[in-house]
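Residue numbers (the working numbering): 1 to 200.
In this text, a Cβ means the ideal position worked out from N, Cα and C, and glycines have one as well.
All values reported here derive from a predicted model rather than from experimental measurement.
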Amino acid sequence: MGAPHLLRNLHPSAAPCAIKSFQHAVHRSFYTPPPLPGSGFRTAVRFGFGWVLHHPSRRVTVAMASSFPVKKSEEEWRAVLSPEQFRILRLKGTEYPGTGEYDKFFEKGVYECVGCGTPLYESTTKFNSGCGWPAFFKGLPGAIRRTPDPDGRRTEITCAACGGHLGHVFKGEGFPVPTNERHCVNSISLKFVADPEPDS
Numbered sequence: 001m002g003a004p005h006l007l008r009n010l011h012p013s014a015a016p017c018a019i020k021s022f023q024h025a026v027h028r029s030f031y032t033p034p035p036l037p038g039s040g041f042r043t044a045v046r047f048g049f050g051w052v053l054h055h056p057s058r059r060v061t062v063a064m065a066s067s068f069p070v071k072k073s074e075e076e077w078r079a080v081l082s083p084e085q086f087r088i089l090r091l092k093g094t095e096y097p098g099t100g101e102y103d104k105f106f107e108k109g110v111y112e113c114v115g116c117g118t119p120l121y122e123s124t125t126k127f128n129s130g131c132g133w134p135a136f137f138k139g140l141p142g143a144i145r146r147t148p149d150p151d152g153r154r155t156e157i158t159c160a161a162c163g164g165h166l167g168h169v170f171k172g173e174g175f176p177v178p179t180n181e182r183h184c185v186n187s188i189s190l191k192f193v194a195d196p197e198p199d200s
């Protein structure tokens with residue numbers, strides 16, 4: 001069974017972009033499930049076609065926050081985020097494709113970090129990639145931090161203010177956008193603020 005066939009079996013809405021990303025050797029569109037029952041902080045993460053385990057510790061979470069302007073302990077983040085928000089923003093999880101609130105949402109406004117309220121993306125930079133996650137071709141100046149993943153195949157994007165995990169950025173996929181980039185972002189990492197209604 002070839003890789004494109006396997007990718008198509010993941011999720012109908014994710015197949016076109018999953019194959020495209022695979023062809024460009026920067027594939028990311030895989031589901032990261034919630035922490036495994038009875039495993040503490042152990043989380044299963046999928047790389048390629050196999051499962052690996054990592055163990056985010058209290059020290060790791062706090063250390064990630066300490067290098068950003070908005071600093072909170074793990075306990076403080078858990079107090080202000082829902083369990084699913086914490087899993088994705090602080091433990092670098094991924095929501096299932098096609099399930100996010102903003103996947104097919106195209107109202108005018110600004111998308112902020114759900115963790116700290118920092119403006120991240122303007123709605124004018126959002127486009128329909130068909131991949132199952134919100135896609136933007138650029139972030140607001142200085143709002144997004146890029147960090148190459150240890151595997152060297154992808155680049156993680158995080159909120160530059162609090163370090164919250166947003167998703168990954170991909171280049172050269174051929175979408176008709178001015179930057180030739182796709183910021184693949186978890187809906188749950190975002191909060192939409194609509195533009196004010198014009199005066200009548």
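inquiry  = Per the DSSP calculation, Thr155 is bridged to which residue(s)?
reply    = Pro148 and Val169
message = For Gly40, count the other beta carbons within 10 Å of its own beta carbon; 16 or more makes it buried, fewer makes it exposed. Which is it?
response = Note on Gly40: pLDDT 37, under 50, position unreliable in the model; the coordinate value appears next. By the Cβ neighbour-count rule, Gly40 is exposed, with fewer than 16 other Cβ atoms within 10 Å of its own.
key: Sequence-distant residues of the same chain with beta carbon closer than 6 Å to Gly109, five excluded per side   = Ser123, Phe192, Val193, Ala194 and Asp195
inquiry  = My output table needs one value for Glu84: the three-state DSSP class, helix, strand or coil.
reply    = helix
task = Answer yes or no: do Asn180 and Gly167 have a C-beta to C-beta separation smaller than 9 Å?
result = no
inquiry  = Once DSSP output is grouped into helix, strand and coil, what is the label at Asp195?
reply    = coil
task = Classify Arg90 as helix, strand or coil using the three-state DSSP reduction.
result = coil
inquiry  = With distance defined between alpha-carbon atoms, name the residue in Ser73, Arg182 and Ile88 nearest to Gly139.
reply    = Arg182
inquiry  = Given a cut-off of 9 Å on the beta-carbon distance, is the pair Ile157 and Val169 in contact?
reply    = It is a contact, given that the beta carbons lie within the stated cut-off.
message = If distances are taken between C-alpha atoms only, which option among Glu74, Gly98 and Pro119 comes closest to Arg87?
response = Glu74
request  = Give the C-beta separation of Pro176 and Gly132 to the nearest angstrom, bearing in mind that I take them to be a contact with Cβ-Cβ under 8 Å.
outcome  = That pair is no contact at about 19 Å.
query = When the Cα of Ala143 is compared with those of Pro198, Leu190, Trp77 and Lys72, which residue comes out closest?
reply = Leu190
task = Specify the secondary structure class of Glu101 as computed by DSSP and reduced to three states.
result = coil
key: Residue environment, Val80, which counts as buried when at least 16 other CB atoms sit within 10 Å   = exposed
query = Taking the beta strand (DSSP E) that Cys116 falls in, what are its first and last residues?
reply = Neither: Cys116 is in no beta strand (DSSP E) and is coded neither H nor E.
ask   = If you count every other CB in all the chains shown that lies within 10 Å of the CB of Phe106, and 16 or more means buried, which is it?
value = So Phe106 counts as exposed.
message = Going by DSSP in three states, Glu181 sits in which element: helix, strand or coil?
response = strand
task = Can you grab the Cα-Cα spacing for the pair Phe68 / Pro141, in whole Å?
result = 16 Å
query = With 16 other CB atoms within 10 Å as the buried threshold, where does Asp151 fall?
reply = exposed
Bridge-paired residues (DSSP) for Leu190 = Cys113
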